[in-house]
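Here's the structure we're looking at; comments come further down.
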Amino acid sequence: MSTFVLVHGAGSGAWVWYKITPMLEAQGHSVIAPDLPGHGLNSIPIAEVSLDRYVGCVCDILNGQAEPVVLVGHSLGGAVITQVAEYCPDRIRTLVYLAGYLLADGQTMLDITQADTESLLLANAIFADDQLSATFNPEMVKEIGYGDCSEADVALVRSLLAPQAVAPLATPVHTTPENFGRVPRVYIECLRDRTIGLLAQRRMYTALPCKLVIAMDTSHNPYLSAPEALVNHLLALPVALERMLPL
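Here it is, written out as structure tokens:
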């Protein structure tokens, strides 16, 4: 059995995994879904939120596990797991980018978003007066990331989305082939994504090839709109990766 560590995206928290966590556990797997610092129940001031704090939180979890984990990063969580893999590659069995920011050395999430002509993010961002955080136009939440979700899930999201610190988005990752580069990578692309457009997703995993690319015909958040299909993909990874030749 595997341990899945699920890293959420911007403005959200561990709550996003509420559908798939019990599905994975029902198959005998362990699931750890932390609130990153400054998110959910892990409350710290916005000014203290950083990519380093995110990464430290996840590294601490990995270092407490008996065996290497399957590390899943959604959206912003993709940048987090990239840096985590640089610091503790031996603690990770597989990196899974779920419509995640797969950044090259020196890149930031803002670099990707600013070049993404399909994304609705920046056009609908509302920055705080101090410019330290941003939220999104609540009227556009569904269009940005939840277009195929139920109205009940969209209502849940609107009630729980919180301001996102800007600092992590503008912080570059720093990676090497010797550490990050040796951890197997899988990318799950979302074909109807308006948060990270499909072309942007494909540019990222073309620049940093993955052992396996899986396509889901969903918007940005398939853990809400297609949880069964997502879980099936995650459960199939060991067999699928065994069939792949080394990059």
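Note that our numbering numbers the sequence shown so that position 50 is 212, with each residue one more than the last. Where is the CB? At the ideal position from N, CA and C, for every residue including glycine.
Next item on the list: Could you tell me the boundaries of the beta strand (DSSP E) in which V234 lies?
Entry: V231 to H236
Notebook entry, point to check: Which one of Y385, Y308 and A317 has the shortest CA to CA distance from A195?
Noted result: Of the candidates Y385, Y308 and A317, the one whose C-alpha sits nearest the C-alpha of A195 is Y385.
Margin query: Cutting at 7 Å between CB atoms, please list the residues of its own chain near L283, excluding the five before and the five after it.
Written below: T275, I306 and T357
Notebook entry, point to check: How close, in whole Å, do the beta carbons of A332 and T270 come, if the pair is a contact with beta carbons under 8 Å?
Noted result: 5 Å
Next item on the list: Compare the C-alpha of R215 against each of Q293, V375, A388 and D197 and name the closest.
Entry: D197
Notebook entry, point to check: Among residues of its own chain, excluding the 5 on either side of A402, which ones have a beta-carbon nearer than 7 Å to its beta-carbon?
Noted result: L374
Next item on the list: Tell me, to the nearest whole angstrom, how far the beta carbon of I208 is from that of P199; I am working on the premise that it is less than 8 Å.
Entry: The C-beta distance from I208 to P199 rounds to 11 Å, too long to fall under 8 Å, and the pair is not in contact.
Next item on the list: For my contact list, V169 and G239 are in at a C-beta cut-off of 8 Å; report their separation, rounded to the angstrom.
Entry: 4 Å
Check: By a C-beta neighbour count over all protein chains shown, 10 Å radius and 16 as the cutoff for buried, is E404 buried or exposed?
Finding: exposed
Checklist line | Beta-carbon proximity of R253 to N286, cut-off 8 Å | finding: Contact: no.
Check: Which residues in the same chain as Q189 place their Cβ atom closer than 7 Å to its Cβ, once the five residues preceding and following it in sequence are excluded?
Finding: L397
Notebook entry, point to check: Does DSSP classify Y249 as helix, strand or coil?
Noted result: helix
Item checked: Span of the alpha helix (DSSP H) around I208 -> Element bounds for I208: n/a, residue is neither H nor E.
Next item on the list: Could you tell me the distance, in whole angstroms, from the CA atom of L392 to the CA atom of A290?
Entry: 34 Å
Check: Leaving out five residues before and five after V319 in sequence, what residues of the same chain have Cβ atoms less than 7 Å from its Cβ?
Finding: So the qualifying residues of the chain are V303 and Y308.
Checklist line | Neighbourhood of L361 by C-beta, 7 Å cutoff - its chain only, sequence neighbours within 5 removed | finding: E280
Next item on the list: To the nearest angstrom, report how far apart N341 and C372 are at their CA atoms.
Entry: 15 Å
Notebook entry, point to check: Which runs of the alpha helix (DSSP H) fall wholly inside the segment 274-311 and span at least 4 residues, in chain order?
Noted result: 303-307
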